[in-house]
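Undergrad: For the sequence shown, this note's numbering begins at 11 and goes up steadily by one.
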Amino acid sequence: ARGRAPGTWAVVADADETLLDNSKAECADQVQGVTTHDPDRWTQWVLSEKADAVPGAAAFAAAVHKLGGRLIVVSNREEIPHRAATASNFAKVGIQVDVLLLAKDRTDLDKNGRFRLIEEVGIASAHLPAQTVLAYIGDNIKDFPYLSQVDIGDAGQFGTRYFLLPNPVYGSWQRLPMR
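(1) Skipping 5 residues on each side, what residues in its chain have a beta carbon closer than 8 Å to that of R124?
(2) Among the residues of its own chain, which have a CB less than 6 Å from the CB of A71, if the five just before and after it don't count?
(3) Quick one: grab the DSSP three-state call for N150.
(4) Quick one, which of P16, V21, R14 has its alpha-carbon nearest D153's?
(5) On the criterion of 16 or more Cβ atoms from any shown chain inside 10 Å, does Y156 qualify as buried, or is it exposed?
(6) Cutting at 8 Å between CB atoms, please list the residues of its own chain near S98, excluding the five before and the five after it.
(7) Using the rule of at least 16 other Cβ atoms within 10 Å of the residue's Cβ for burial, across every protein chain shown, is L127 buried or exposed?
(8) Could you round the C-beta distance between G148 and D24 to whole angstroms and report it? I think they count as a contact, below 8 Å.
(9) Grab the span of the beta strand (DSSP E) containing S85 for me, first residue to last.
(10) Rank G17, E129, V56, K102 by C-alpha distance to the C-alpha of K34 and give the top, closest one.
(11) Considering only DSSP beta bridges, list what I133 is partnered with.
(12) Quick one: grab the DSSP three-state call for D39.
(13) Could you give the first and the last residue of the continuous alpha helix (DSSP H) run that contains A71?
(14) If distances are taken between C-alpha atoms only, which option among A140, D108, H75, L144 comes closest to R171?
(15) For A67, count the other beta carbons within 10 Å of its own beta carbon; 16 or more makes it buried, fewer makes it exposed. Which is it?
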C-alpha cells in the first residue's frame with residue numbers, strides 16, 4: 011500500500027469461510043445428517059444473517075481501509091435473494107465492505123468475469139474505476155483469478171499476492187481423486 015494513492019487499490023476477498031464463518035450451519039447440517047449441499051437450506055442460513063466473522067477479519071478490513079484501500083468481496087452467494095442479508099451480516103460483524111460482487115444466479119459460479127471488472131473495467135454500479143488489486147484472499151483455488159485445481163498458475167504468488175485460508179469442509183478439491 012506504500013506509495014499508492016488512497017482509493018486506487020483494493021484487496022479482493024471471498025465471503026464464506028474467508029470473512030464470514032458459517033461453521034454453525036455446517037455443524038447443524040452434519041448433526042442433522044445432511045451430506046450434500048442444499049441450496050434452499052443455504053438460502054435460509056444466509057437470510058438468517060447469523061454468520062460470525064472469521065477471527066481477525068474485521069480488524070483486517072479496518073486495516074485495509076485505514077491504509078487507503080478498498081475491500082471488494084467476490085462471492086458466489088446469489089444477487090437475489092442474498093444481497094441484502096449478506097450486506098447486513100457483514101455490517102453486524104463489523105466488516106466494512108466497499109463493493110459486494112455476487113453471482114447472478116446459482117449457475118454463475120465462474121468468478122473470473124467479476125475479477126476482470128475489478129482490475130480491467132471498473133464497477134459502474136459502485137462508481138469505481140479499475141483498481142490495482144494488491145491481494146486476493148480465499149479458501150478455494152477458484153477464489154483467485156484464472157486459477158483452478160488443474161492450473162494453479164505461478165505458485166510463487168501464494169503468500170505474496172494470493173492468500174489461501176484452509177477450508178477442510180468443502181471446496182473444489184473434493185472432486186479430485188484421493189492420493
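Where is the CB? At the ideal position from N, CA and C, for every residue including glycine.
The model shown is predicted, which means the values in this text are computed figures rather than measured ones.
TA: According to the structure shown:
(1) Sequence index remark: in the sequence shown, residue 124 carries index 114 (1-based). Only V84, L111 meet the Cβ criterion.
(2) Along the sequence shown, read from residue 1 onward, the residue named residue 71 stands at position 61. Correct list, in chain order: L81, I105, Q106.
(3) Taking the sequence shown and counting its residues from 1, one reaches residue 150 at position 140. When DSSP states are grouped into helix, strand and coil, N150 belongs to the coil group.
(4) As a first step, residue 153 must be located in the sequence shown, where it is residue number 143. The candidate whose alpha carbon is nearest that of D153 is V21.
(5) Taking the first residue of the sequence shown as 1, we reach residue 156 at position 146. Exposed.
(6) Here the question's residue 98 lines up with position 88 in the sequence shown. Around S98: E59.
(7) Along the sequence shown, one-based indexing puts residue 127 at 117. Buried, because 16 or more other Cβ atoms sit within 10 Å of the Cβ of L127.
(8) Position 138 of the sequence shown, counted from the start, is the residue given in the question as residue 148. Position 14 of the sequence shown, counted from the start, is the residue given in the question as residue 24. Correct: roughly 4 Å between the Cβ atoms.
(9) Here residue 85 is taken as the residue at index 75 of the sequence shown, counted from 1. Where S85 is concerned, the enclosing beta strand (DSSP E) stretches over 80-88.
(10) Against the sequence shown, residue 34 aligns to sequence position 24. Of the listed residues, the one whose Cα sits closest to K34 is V56.
(11) Counting from one through the sequence shown, the residue named residue 133 turns up at place 123. Under DSSP, I133 takes part in a beta bridge, and its partners are L138.
(12) The count along the sequence shown starts at 1 and reaches residue 39 at position 29. DSSP places D39 in helix when its eight states are reduced to three.
(13) Numbered from 1 along the sequence shown, position 61 holds the residue referred to as residue 71. It spans 67-76 - the alpha helix (DSSP H) in which A71 sits, taken as one unbroken run.
(14) Here the question's residue 171 lines up with position 161 in the sequence shown. Looking at the Cα atoms, L144 is the closest of the given residues.
(15) Along the sequence shown, read from residue 1 onward, the residue named residue 67 stands at position 57. So A67 counts as buried.
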